[in-house]
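>
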Amino acid sequence: MSVRLQFRDVTLGYDRHPAVHHLSGDVAAGALVALVGPNGAGKSTLFRGIVGILKPLAGHIDLGGLNVRDIAYLPQSADIDRSFPISVFDFVATGLWRSTGLFGGIGRAQQAKVLNALAAVGLNGFERRTIGTLSGGQMQRLLFARVLLQDARMIVLDEPFNAIDAKTSADLLELVKQWHAEGRTVLAALHDMDLVRANFPETLLLAREPVAWGATAQVLTQENLLAARRMCEAFDDSAAPCVADGLPAQAA
Amino acid sequence: MLYDTLIAPFTEFEFMRRALAGVIALALGGAPIGVFLMLRRMSLVGDAMAHAILPGAAIGFLISGLNLFAMTFGGLIAGFAVAILSGVVARSTELKEDASLATFYLVSLALGVTIVSMRGTNIDLLHVLFGNILALDDQTLLVIAFNATITLLVMAVIYRPLVIECVDPVFLRTVSRSGAPTHLAFLALVVINLVNGFHALGTLLAVGLMILPAGIARFWSRDISGMIAIAVASAMLSGYAGLVLSFQTRVPSGPAIILVAASLYVLSVLFGNVSGLVRQLFPGRHLEA
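Note that the protein sequences, when read in sequence, are chains H and Y.
Here the numbering used here is used: the first residue of the first sequence is 1, the next is one more, and so on.
Here the numbering used here is used: the first residue of the second sequence is 1, the next is one more, and so on.
1) Between which residues of its own chain and T168 of chain H is the CB-CB distance below 6 Å, once the five residues before and five after are set aside?
2) At 7 Å on the CB atoms, spell out the chain H contacts of R18 of chain Y, in chain order.
3) Given that D320 of chain Y touches chain H, what residues does it touch there, using C-beta distances under 8 Å?
4) Have a look at R141 of chain H and V121 of chain H and give me their C-alpha separation to the nearest angstrom.
5) Below 8 Å on C-beta distance, what does M227 of chain Y contact in chain H?
6) When you compare only the Cα positions, how much space is there between V211 of chain H and L46 of chain H?
7) Assuming A185 of chain Y contacts I158 of chain Y under a Cβ cut-off of 8 Å, what Cβ separation, rounded to an integer in Å, is found between them?
8) Within the segment 107-164 of chain H, note down every full beta strand (DSSP E) run reaching 3 residues or more, in order along the chain.
9) Residues bridged to G203 of chain Y by DSSP?
10) Which class does E209 of chain H belong to by DSSP, given the choice of helix, strand or coil?
11) Taking the alpha-carbon positions, what's the D151 of chain H to P75 of chain H distance?
12) Looking at the unbroken beta strand (DSSP E) that takes in I228 of chain Y, where does it start and where does it end?
13) Count the CB pairs spanning the segment 188-204 of chain H and the segment 107-118 of chain H that are closer than 8 Å, and state whether there are at least three.
14) At 9 Å on the CB atoms, spell out the chain H contacts of F213 of chain Y, in chain order.
15) Please work out which residues of its chain come closer than 7 Å, Cβ to Cβ, to V92 of chain H, disregarding the five sequence neighbours upstream and downstream, and give them in chain order.
16) Could you pull the DSSP bridge partners for G25 of chain H from this structure?
17) Count the other C-beta atoms from every protein chain shown that fall within 10 angstroms of the C-beta of Y3 of chain Y, then say buried if there are 16 or more, exposed otherwise.
18) Below 7 Å on C-beta distance, what does W97 of chain H contact in chain Y?
19) Suppose contacts are defined by Cβ-Cβ distances below 8 Å. Is V195 of chain Y in contact with G60 of chain Y by that definition?
20) Tell me which same chain residues have a C-beta within less than 6 Å of the C-beta of L23 of chain H, skipping the five on either side of it?
21) Hey, is I164 of chain Y's beta-carbon within less than 8 Å of any beta-carbon in chain H?
22) Put A52 of chain Y into one of helix, strand or coil per three-state DSSP.
23) Alpha carbon to alpha carbon, how far is L205 of chain H from E174 of chain H?
24) How would you call I71 of chain H, buried or exposed, if buried means at least 16 neighbouring beta carbons within 10 angstroms?
25) For I224 of chain Y, return the contacting residues in chain H, with the cut-off set at a CB-CB distance below 7 Å.
26) Straight-line CA distance for G276 of chain Y to H286 of chain Y?
27) Just verifying my parser: in three-state terms, what is the DSSP assignment at A239 of chain H?
28) If you run the structure through DSSP and keep just helix, strand and coil, what is G79 of chain Y?
29) Name the chain Y residues that come within less than 9 Å of T94 of chain H, Cβ to Cβ?
30) Give a yes or no on whether 8 Å exceeds the smallest Cβ distance from T130 of chain H to chain Y.
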């Protein structure tokens with residue numbers, strides 16, 4: 001199977017402090033990968049790097065010929081201004097951006113697509129409501145509907161099931177599996193280990209440094225999880241410049 | 001009687017017709033911009049920028065007197081300079097954008113008033129500070145109409161990315177590169193409309209026909225397109241009623257327009273059907289579902 005996403009000694013971070021340190025590895029096209037790690041492990045940072053919001057401090061992320069625009073990104077608790085007066089329908093319809101662009105009209109076919117996407121996440125009947133009236137879980141369903149419309153070859157989900165009830169997360173998980181079945185590459189940052197074990201064939205355990213990456217059963221072992229918990233520390237303000245550039249990754 | 005009060009001033013006096021045309025053009029261009037300023041929590045930024053235009057317009061005045069093009073050009077340059085400078089200061093230092101804008105606008109206002117006083121009379125100063133919509137000549141009217149047209153055209157082009165950038169900037173960044181150009185185009189429109197307002201209402205009230213109608217609209221619509229329509233309508237209504245008020249009484253026209261808008265605003269705060277105060281006090285019995 002071809003390689004979709006390639007990390008070549010990637011370091012991502014803020015103010016020169018690494019949040020993801022010397023990550024290397026491949027994600028195959030069509031893979032379903034869980035990204036696991038404690039808070040502050042660099043999961044969101046890695047995703048921001050993948051979708052091009054954050055430039056790597058060092059190393060390179062290869063999208064295997066994909067454009068950044070071919071990635072659908074569902075950010076965590078998003079920087080969405082929920083007080084903005086926009087309807088559920090219009091908000092989801094922004095997911096059609098790639099086909100409509102600046103001026104493209106939203107004709108009957110597109111309207112049907114939007115309604116289908118809303119129905120797929122169980123939000124039918126909400127079209128005319130403004131996004132400010134939705135609950136947290138409904139908002140998350142809304143974001144999934146937009147990802148559905150984006151029809152992207154690669155999908156990146158940052159903690160998609162946080163603070164979501166069991167029914168909703170089961171529904172949304174079905175969508176994720178469906179995307180996987182359609183051959184899309186899906187990466188998801190998750191905290192629920194049981195959910196990962198049951199549904200995700202491949203896992204990357206990250207704690208600033210990559211701890212383990214491979215088949216889920218081999219990655220989510222007791223030692224690996226303990227190691228991950230130990231490795232995640234606060235930034236050291238007086239840290240010296242990293243000399244490991246170009247060398248294989250090592251635990252600091 | 002009613003005709004005498006409401007319509008006769010405009011049929012009898014050309015300067016009133018000009019003023020009405022000017023105010024309608026101002027409303028068409030400025031009100032939509034005001035709605036976006038409000039939704040982006042930039043209302044005060046607009047205010048600060050309005051004052052920032054003053055020194056540029058004043059230098060234009062110093063060089064060539066009450067010349068339309070010199071003052072417009074100077075105002076545009078000063079407005080863009082302050083917008084860019086305060087953006088740069090905010091991004092490259094710890095000072096937040098509102099603080100640096102406040103500094104810039106105070107300096108601009110002081111500088112502008114000083115420059116005008118160096119050559120002009122007190123009447124010139126009043127003209128610069130409060131505008132004179134009753135004295136619009138053909139050229140000024142054309143400039144205002146031209147700017148309003150430009151505004152509507154550019155808004156049509158950037159509307160979609162502008163809305164997305166307000167709601168979900170991260171999403172826009174992942175699907176398109178149009179975020180930064182959209183933001184810049186919007187700032188340019190803000191400056192252009194402030195210069196517009198400057199000619200009619202003066203530097204102190206220029207932003208009035210942008211911000212007040214936007215505030216009014218917030219109380220009557222939950223949807224952005226509805227808001228824009230209501231903002232434009234209430235700006236036009238304020239302009240018309242303000243002109244009538246100023247014609248019948250001796251209230252200066254600029255303040256009259258703003259005062260009418262302010263009364264509409266108070267009414268909206270009280271009786272608006274979207275979170276108006278009366279509505280909140282007497283919400284009616286709760287619904288079944």
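Just so you know, even glycine gets a beta-carbon here, dropped at the ideal spot from N, CA and C.
Owing to the predicted nature of the structure, the values given are computational and were not obtained by experimental measurement.
Put simply:
1) Numbered from its first residue, the first sequence carries residue 168 of chain H at position 168. Here the set comprises G137.
2) As a first step, residue 18 of chain Y is located in the second sequence; it is residue number 18 there, counting from the start. None at all; the shortest Cβ gap to chain H is about 35 Å.
3) Within the shown structure, residues of chain Y are numbered from 1 to 289, placing residue 320 of chain Y beyond reach of any answer.
4) Reading the first sequence from its first residue, position 141 is the one you call residue 141 of chain H. Reading the first sequence from its first residue, position 121 is the one you call residue 121 of chain H. If I take the Cα positions, the gap works out to 6 Å.
5) As a working note, residue 227 of chain Y is residue 227 in the second sequence. Within chain H, the residues near M227 of chain Y are P85.
6) Locating residue 211 of chain H in the first sequence gives position 211, counting from the first residue. Locating residue 46 of chain H in the first sequence gives position 46, counting from the first residue. So the alpha carbons of these two residues sit roughly 14 Å apart.
7) Here residue 185 of chain Y refers to the residue found at position 185 when the second sequence is read from its first residue. Here residue 158 of chain Y refers to the residue found at position 158 when the second sequence is read from its first residue. The Cβ separation is near 5 Å, so the contact holds.
8) 154-158
9) As a working mapping, residue 203 of chain Y is identified with position 203 in the second sequence. Reading off the sequence shown, one finds Thr at residue 203 of chain Y, where the question assumed Gly. Note: T203 of chain Y sits in no beta bridge, so no partner.
10) The residue you call residue 209 of chain H lines up with position 209 of the first sequence. Strand.
11) Here residue 151 of chain H refers to the residue found at position 151 of the first sequence. Here residue 75 of chain H refers to the residue found at position 75 of the first sequence. One C-alpha to the other measures close to 17 Å.
12) Locating residue 228 of chain Y in the second sequence gives position 228, where the first residue counts as 1. Careful: I228 of chain Y lies outside any beta strand (DSSP E), inside the alpha helix (DSSP H) at 224-248.
13) no
14) Position 213 of the second sequence holds residue 213 of chain Y. Residue identity differs from the one stated: residue 213 of chain Y is Pro in this sequence, not Phe. Per Cβ cutoff of 9 Å: no residues; P213 of chain Y is ~15 Å from chain H at best.
15) As a first step, residue 92 of chain H must be located in the first sequence, where it is residue number 92. Around V92 of chain H: V114, A117, L118, L142, A145, R146, L149.
16) By 1-based counting over the first sequence, the position of residue 25 of chain H is 25. In DSSP, G25 of chain H forms a bridge with H:F7.
17) Stepping through the second sequence from its first residue, residue 3 of chain Y is reached at position 3. So Y3 of chain Y ends up on the exposed side.
18) Numbered from 1 along the first sequence, position 97 holds the residue referred to as residue 97 of chain H. Going along chain Y in sequence order, the residues near W97 of chain H (Cβ under 7 Å) are V175, S176.
19) Within the second sequence, numbered from 1, the residue matching residue 195 of chain Y stands at position 195. Within the second sequence, numbered from 1, the residue matching residue 60 of chain Y stands at position 60. Not closer than 8 Å, so no.
20) Here residue 23 of chain H corresponds to residue number 23 of the first sequence, with the count starting at 1. F7, V10, P210, listed in sequence order.
21) Here residue 164 of chain Y refers to the residue found at position 164 of the second sequence. Cβ-Cβ to chain H under 8 Å: yes for I164 of chain Y.
22) By 1-based counting over the second sequence, the position of residue 52 of chain Y is 52. Three-state result, A52 of chain Y: helix.
23) The residue labelled residue 205 of chain H in the question sits at position 205 within the first sequence. The residue labelled residue 174 of chain H in the question sits at position 174 within the first sequence. Those two C-alpha atoms are separated by around 23 Å.
24) For the purposes of this step, residue 71 of chain H is taken as the residue at position 71 of the first sequence. I71 of chain H should be labelled buried.
25) Taking the second sequence and counting its residues from 1, the one referred to as residue 224 of chain Y is at position 224. Correct list: P85, I86.
26) As a first step, residue 276 of chain Y must be located in the second sequence, where it is residue number 276. As a first step, residue 286 of chain Y must be located in the second sequence, where it is residue number 286. Distance between the alpha carbons of G276 of chain Y and H286 of chain Y: 17 Å.
27) Along the first sequence, one-based indexing puts residue 239 of chain H at 239. A239 of chain H falls in the coil class under three-state DSSP.
28) Within the second sequence, numbered from 1, the residue matching residue 79 of chain Y stands at position 79. It is helical.
29) The residue labelled residue 94 of chain H in the question sits at position 94 within the first sequence. Those within 9 Å of T94 of chain H in chain Y are R160, V163, I164, V167, D168, F171, L172, V175.
30) Locating residue 130 of chain H in the first sequence gives position 130, where the first residue counts as 1. It does: the Cβ of T130 of chain H has a partner Cβ on chain Y nearer than 8 Å.
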